[in-house]
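Residue numbers for the sequence shown follow the working numbering, beginning at 5 and rising by one. Just below is one structure, and these are the notes that go with it.
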Amino acid sequence: MEFPRLTEEHLLKALSKLGVAAGPDEDGVLGAAFPNAVAQFFLDENFLTVHTVWTGAVAPERQEDVLELINTLNRQIPTGKVTPIVVEETPTIDVREHFFAAHGLSEYQLCVLLDAYFQTAFMVLDEFEQRGIAQNAQV
Numbered sequence: 005m006e007f008p009r010l011t012e013e014h015l016l017k018a019l020s021k022l023g024v025a026a027g028p029d030e031d032g033v034l035g036a037a038f039p040n041a042v043a044q045f046f047l048d049e050n051f052l053t054v055h056t057v058w059t060g061a062v063a064p065e066r067q068e069d070v071l072e073l074i075n076t077l078n079r080q081i082p083t084g085k086v087t088p089i090v091v092e093e094t095p096t097i098d099v100r101e102h103f104f105a106a107h108g109l110s111e112y113q114l115c116v117l118l119d120a121y122f123q124t125a126f127m128v129l130d131e132f133e134q135r136g137i138a139q140n141a142q143v
């Protein structure tokens, strides 16, 4: 059985089925806004890469706690990677995943992969919020 190559149209359709409103930003990057994060989707010939960046900012006095939590979560989550990043001079968190898509994907497969990714990403971000690691500034 052969599946269609992953295209932006295919991705938008799958996101819509998951109830995620997505579209290109002013730079042409496909993204979706959530209450506590922004997701960006990057397609090339072989991979779909998804980055979900927390809109919270890490409190300076909690940076050691954040690094410890990141290491713990990276050992626990089944897929993806949690990384500390800096956005506009503000430390925050990124949850990313690379999906190999050169062989093509059915719409169902893509929906399952994205759903599992978002469940993991928001579980990670919820963990940071529940531990009170954020400062008041928003990224």
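For each residue, glycine too, the CB sits at the ideal point set by N, CA and C.
CB residue i to CB residue j, shorter than 9 Å?
i, j, result
"A86", "V42", "With the sequence shown as reference, residue 86 is identified as Val, and Ala is not the correct amino acid for it. No. Outside cutoff."
"G35", "F45", "yes"
"L109", "L10", "yes"
"F122", "L22", "yes"
"Q113", "F7", "yes"
"D48", "I137", "no"
State the beta-bridge partners of residue i as determined by DSSP.
i, result
"A37", "V42"
"E101", "V54"
"L47", "L52"
"A120", "DSSP lists no partner for A120."
"T87", "D98"
"G27", "G35"
Closest to residue i by CA distance: which of the options is it?
i, options, result
"I89", "R79, I74 and I81", "I74"
"E12", "N78, A105, A120 and E65", "A105"
"P28", "L22, K21 and A37", "A37"
"T83", "A138, L117 and Q134", "L117"
"F126", "S20, V33, N40 and V24", "N40"
"L77", "A63, A25, T124 and V62", "T124"
"E189", "H14, D69, V62 and Q67", "With the chain covering only 5 through 143, there is no way to say anything about residue 189."
"A120", "I81, D48, G136 and D69", "I81"
Can you tell me whether residue i is buried or exposed, with buried defined as 16 or more other CB within 10 angstroms of its CB?
i, result
"I101", "It should be noted that the sequence gives Glu, not Ile, for residue 101. E101 should be labelled buried."
"L71", "exposed"
"A18", "buried"
"D130", "exposed"
"H14", "buried"
With three or more C-beta pairs closer than 8 Å as the rule, is the stretch 86-103 touching the stretch 52-65?
yes
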